[in-house]
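Enquirer: Have a look at this one before I ask anything.
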Amino acid sequence: MHGKIPVSVIVTTLNEEKNLARCLAALERFDEIVIVDSGSTDATCAIARAFGATVVPFAWNGRYPKKRQWCLDTLALKHDRVFFVDGDEEVTPALCEEIAAVDWACAGYFVKGAYVVDGKKLRFGLKNNKLCLFDRRLIEFPVVDDLDIPGMGEMEGHYQPVLKAGAMERKIGSLRQPLYHYALEDRARWQARHDGYAIWQRGVEGRRVLPGDPFAIRRCLKWAFSHIPGRASAAFLHSYIVKGGILDGRAGIKLATSRKKYYDNMGH
Numbered sequence: 016m017h018g019k020i021p022v023s024v025i026v027t028t029l030n031e032e033k034n035l036a037r038c039l040a041a042l043e044r045f046d047e048i049v050i051v052d053s054g055s056t057d058a059t060c061a062i063a064r065a066f067g068a069t070v071v072p073f074a075w076n077g078r079y080p081k082k083r084q085w086c087l088d089t090l091a092l093k094h095d096r097v098f099f100v101d102g103d104e105e106v107t108p109a110l111c112e113e114i115a116a117v118d119w120a121c122a123g124y125f126v127k128g129a130y131v132v133d134g135k136k137l138r139f140g141l142k143n144n145k146l147c148l149f150d151r152r153l154i155e156f157p158v159v160d161d162l163d164i165p166g167m168g169e170m171e172g173h174y175q176p177v178l179k180a181g182a183m184e185r186k187i188g189s190l191r192q193p194l195y196h197y198a199l200e201d202r203a204r205w206q207a208r209h210d211g212y213a214i215w216q217r218g219v220e221g222r223r224v225l226p227g228d229p230f231a232i233r234r235c236l237k238w239a240f241s242h243i244p245g246r247a248s249a250a251f252l253h254s255y256i257v258k259g260g261i262l263d264g265r266a267g268i269k270l271a272t273s274r275k276k277y278y279d280n281m282g283h
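For this note's numbering, count along the sequence shown from 1 and bump the result up by 15.
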């Protein structure tokens, strides 16, 4: 029997009853699970309590801090080392073991996201990396000039948290094991959410207000990708051909097509 992992997991929710039981069942090894809920009207909170999670209500006031930084600032957590997990994600046993073994020599750790489409865990295609496991004493979500831009609302946009001013010398690490993201299960919700993301990203790109990636090579790659012509087609080819999504069959082409549509919606 393994001991509890001394990390506080924060799951931000809004109407996640279809996904939450799967998410929480995979988190039983962690010492604390907190659900921060934005007024769900379904069974989200009841499911959370059934799993023994603490439920905290959240109502955004239209200003900063947004939801994730509000969690870091406000929640009376058992641990300062936190792990942000979305309701439609699933932590694997292998990732639990890797987190349990972390020595915390770094201020935080990127976790590799892998997609599940139509029930199939994709081996290839697009992967994403999120700095979602970190020490809240050392890392924070920056304030971004986006309050007048629609698309994201209460939640921080598609940018990584950053080292605090007093922790700039600390390093950021990366974990190897995947965090599964159950994508495209509710097609209408997925599309509406990503349409909003695209609107937001289109709005912020012209302002150049987003924080840079902590890793220089990824900063360069992101800059290059943002400046190439035909970005939507390039996103499809990157996921489907370069990253081998073709080897995942129909699920692979669905994911690659969703990436193309995202950038089509941005107008690029």
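Beta carbons: idealized from backbone N, C-alpha and C, even for Gly.
Relative to the C-alpha of V132, which residue among I62, A41, K142 is closest?
Expert: It is K142 whose Cα lies nearest to the Cα of V132.
Enquirer: Rank I25, A271, P193 by C-alpha distance to the C-alpha of K127 and give the top, closest one.
Expert: That would be P193, whose Cα lies nearest to the Cα of K127.
Enquirer: Which residue wins for smallest C-alpha separation from L39, given the options G67, A122, V159, V177?
Expert: That would be G67, whose Cα lies nearest to the Cα of L39.
Enquirer: Can you give me the Cβ contacts of D150 inside the same chain, cut-off strictly under 6 angstroms, excluding the 5 residues immediately before and after it?
Expert: Counting only Cβ-Cβ distances below 6 angstroms, and skipping sequence neighbours, we find D95, R96, A122.
Enquirer: With a floor of 4 residues, list each alpha helix (DSSP H) that falls wholly inside the stretch 97-148, ordered by position along the chain.
Expert: Qualifying alpha helix (DSSP H) stretches, in chain order: 108-115.
Enquirer: Which residues does DSSP pair with E47 in a beta bridge?
Expert: Paired residues: S23.
Enquirer: Can you give me the C-alpha to C-alpha distance between M16 and R44, rounded to a whole angstrom?
Expert: Confidence at M16 is low in this model, with a pLDDT of 40, below 50, so its placement is unreliable and the value that follows should be read with caution. About 10 angstroms.
Enquirer: On the three-state DSSP scale, how would you describe H209?
Expert: H209 falls in the helix class under three-state DSSP.
Enquirer: What's the C-alpha gap between M183 and G264?
Expert: So the alpha carbons of these two residues sit roughly 43 angstroms apart.
Enquirer: In chain order, what residues of the same chain have a beta carbon less than 6 angstroms from the beta carbon of P226, not counting five sequence neighbours either side?
Expert: So the qualifying residues of the chain are P157, Y174, V177.
Enquirer: Return the chain-ordered list of same chain residues with a C-beta closer than 7 angstroms to the C-beta of D160, the five sequence neighbours on each side being excluded.
Expert: So the list reads R222, V224, once near-sequence residues are dropped.
Enquirer: Beta-carbon separation of K82 and V51 under 8 angstroms?
Expert: Cβ distance < 8 angstroms, so K82 and V51 count as in contact.
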